[in-house]
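Q: Below: one structure in structure tokens.
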Amino acid sequence: MDSGSALNLIKNRRSVRVFDNKKVNIEELIDLIEAAIWAPSGSNIQAWFYGIVDEEDILEKIKSFSPGLFGDPPNLIILCTDNKTAFKKGGKMGKEVVIYDIAMAAENILLLATAKNLATCCVKSFNKRAVNKILKLPEYVSAELIIAVGFAQRIPVAPKRKQLNQITFINEWEGKLNE
Amino acid sequence: MNNKEFYKVLAYLVSSARGCLDEPPVYGSLRMIDSVRMLAKLFKENRLVDEQDALLLDKIGYIIEENKFSCMDNEEGFIQMLDDVVDILVED
Chain P
34 MDSGSALNLI
44 KNRRSVRVFD
54 NKKVNIEELI
64 DLIEAAIWAP
74 SGSNIQAWFY
84 GIVDEEDILE
94 KIKSFSPGLF
104 GDPPNLIILC
114 TDNKTAFKKG
124 GKMGKEVVIY
134 DIAMAAENIL
144 LLATAKNLAT
154 CCVKSFNKRA
164 VNKILKLPEY
174 VSAELIIAVG
184 FAQRIPVAPK
194 RKQLNQITFI
204 NEWEGKLNE
Chain D
1206 MNNKEFYKVL
1216 AYLVSSARGC
1226 LDEPPVYGSL
1236 RMIDSVRMLA
1246 KLFKENRLVD
1256 EQDALLLDKI
1266 GYIIEENKFS
1276 CMDNEEGFIQ
1286 MLDDVVDILV
1296 ED
């Protein structure tokens, strides 16, 4: 893939909030997790777990406790932190770094999904306590992000982005990027 | 009354009540107006309103569904939607 195609892929990713009810094949979902595990990880600790949810009963329960999960997605990927490993191997900083790791893994999932013409939406607005219980996670594992995965019923228009010269500085704060 | 759907609304409300303590302030309005949409749907599906009111609830639900995400990038549009729903209810 050339750099232009890579940038286009990044720009074409949208947060989809209206899904068809068609399920995504489990193989495709596993591919997405394969992408996740190749994300950078601070000190290569990889204190993460990934859950695939496609069973209707569990999906419905999670949706009920996830106000940020819109549009009835047919599948979910749950990105979880392994807090025991994060703290044991990463020290005090590990607890913070594992969140960055999960975020980078999430982006890998979102981009591969976009390349596969799958629709996604990253969701943080869910009741962690409830979701941890529904998924029967052990006490040291915590759901941190949910990615809704499916097929778009409606693809939203790209929201406005800040201009590069508004958010970039060169070498020092006053170093402006030429327009 | 469909108990499962009723409990879904309760779960949504309690999760929102907890979540709103930590979320962007505008999400409070989003969760409340989305609750209105859910309740309107529940009332209609369980025939708790007559035909005329069902049409009104449909209209409200449609306006909310079409505009609720504007809270993320078009606050004025979001406020307008809230005002529109108020106007519909007060005029009924």
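Chains as they are written, first to last, in our numbering: chain P, 34 to 212; chain D, 1206 to 1297. Each residue gets a CB set at the ideal place from its N, CA and C atoms; glycine is no exception. In this text the structure is predicted, and so the values were computed from the model without any measurement.
(1) What does the Cβ neighbour count give for R162 of chain P, buried or exposed, with the cut at 16 atoms within 10 Å?
(2) Between the segment 137-166 of chain P and chain D, which residues of the former have a C-beta closer than 9 Å to a C-beta of the latter?
(3) Under 9 Å, Cβ to Cβ, is there at least one residue of chain D near P192 of chain P?
(4) Which residues in chain P sit within 7 Å of S1221 of chain D, going by Cβ to Cβ distance?
(5) Under 7 Å Cβ to Cβ from A69 of chain P, same chain only, skipping five residues before and after it: list those, please.
(6) Count the other CB atoms, across all protein chains shown, that sit within 10 Å of the CB of T114 of chain P; report buried if there are 16 or more and exposed otherwise.
(7) Nearest-angstrom Cα distance between M34 of chain P and Y1267 of chain D?
(8) Anything in the segment 36-57 of chain P with a Cβ closer than 7 Å to a Cβ of chain D? List those residues in chain order, please.
(9) Tell me the rounded alpha-carbon separation between S1240 of chain D and V86 of chain P.
(10) Using a Cβ-Cβ cut-off of 9 Å, state whether P106 of chain P counts as contacting chain D.
(11) Check whether the Cβ atoms of G183 of chain P and G127 of chain P lie closer than 9 Å to each other.
(12) Opposite V33 of chain P in the DSSP bridges: which residues?
(13) Could you pull the DSSP bridge partners for A181 of chain P from this structure?
(14) What separation, rounded to the nearest whole angstrom, lies between the Cα atoms of S36 of chain P and I1265 of chain D?
(15) If contact means a Cβ-Cβ distance below 8 Å, which residues of the segment 1226-1241 of chain D contact chain P?
(16) Determine which residues of the segment 1254-1278 of chain D have a Cβ less than 8 Å from any Cβ of chain P, and write them out in chain order.
(17) Give the range of the alpha helix (DSSP H) segment to which I1268 of chain D is assigned.
(18) Going along chain D, which residues have a C-beta under 7 Å from S97 of chain P?
(19) State the Cα-Cα distance for the pair C1225 of chain D and V1219 of chain D, rounded to the nearest angstrom.
(20) Considering only residues of the same chain and omitting the five flanking positions on each side of V131 of chain P, which have a CB-CB separation below 6 Å?
(21) For a test of the three-state rule: what should DSSP assign to K56 of chain P, helix, strand or coil?
(22) Taking the straight line between their C-alpha atoms, what separation do you get for N41 of chain P and L210 of chain P?
(23) Quick one: give me the first and last residue of the beta strand (DSSP E) that V49 of chain P is part of.
A: Straight from the coordinates:
(1) That one is exposed.
(2) Correct list: K157, S158, F159, N160, R162 and A163.
(3) A Cβ of chain D is located within less than 9 Å of the beta carbon of P192 of chain P.
(4) Here the neighbours are P100.
(5) Excluding sequence neighbours, A69 of chain P sits near Y83, A138, N141 and I142.
(6) Buried is the call here.
(7) Rounded to the nearest whole angstrom, the C-alpha separation of M34 of chain P and Y1267 of chain D is 42 Å.
(8) Here the close residues are R50.
(9) Going from the Cα of S1240 of chain D to the Cα of V86 of chain P covers about 25 Å.
(10) Answer no: the Cβ-Cβ gap between P106 of chain P and chain D never drops below 9 Å.
(11) The answer is no: Cβ separation not under 9 Å.
(12) Because residue 33 of chain P is not part of the residues shown, which for chain P are 34 to 212, the question remains open.
(13) When DSSP reads this structure, A181 of chain P sits in a beta bridge with P:L109 and P:C154.
(14) The straight-line gap from Cα to Cα measures roughly 46 Å.
(15) For the segment 1226-1241 of chain D, which is checked against every Cβ of chain P, the residues closer than 8 Å are E1228, Y1232, R1236 and D1239.
(16) The residues in question are F1274, M1277 and D1278.
(17) Unbroken alpha helix (DSSP H) run through I1268 of chain D: E1256 to N1272.
(18) Neighbours of S97 of chain P on chain D, chain order: K1213, A1216 and Y1217.
(19) Each residue's Cα considered, the two are about 10 Å apart.
(20) The answer, listed in chain order, is A80, T114 and A119.
(21) Secondary structure of K56 of chain P (DSSP, three-state): coil.
(22) Their backbone Cα atoms lie some 22 Å apart in a straight line.
(23) Counting along the chain, V49 of chain P falls outside any beta strand (DSSP E), and DSSP gives it neither H nor E.
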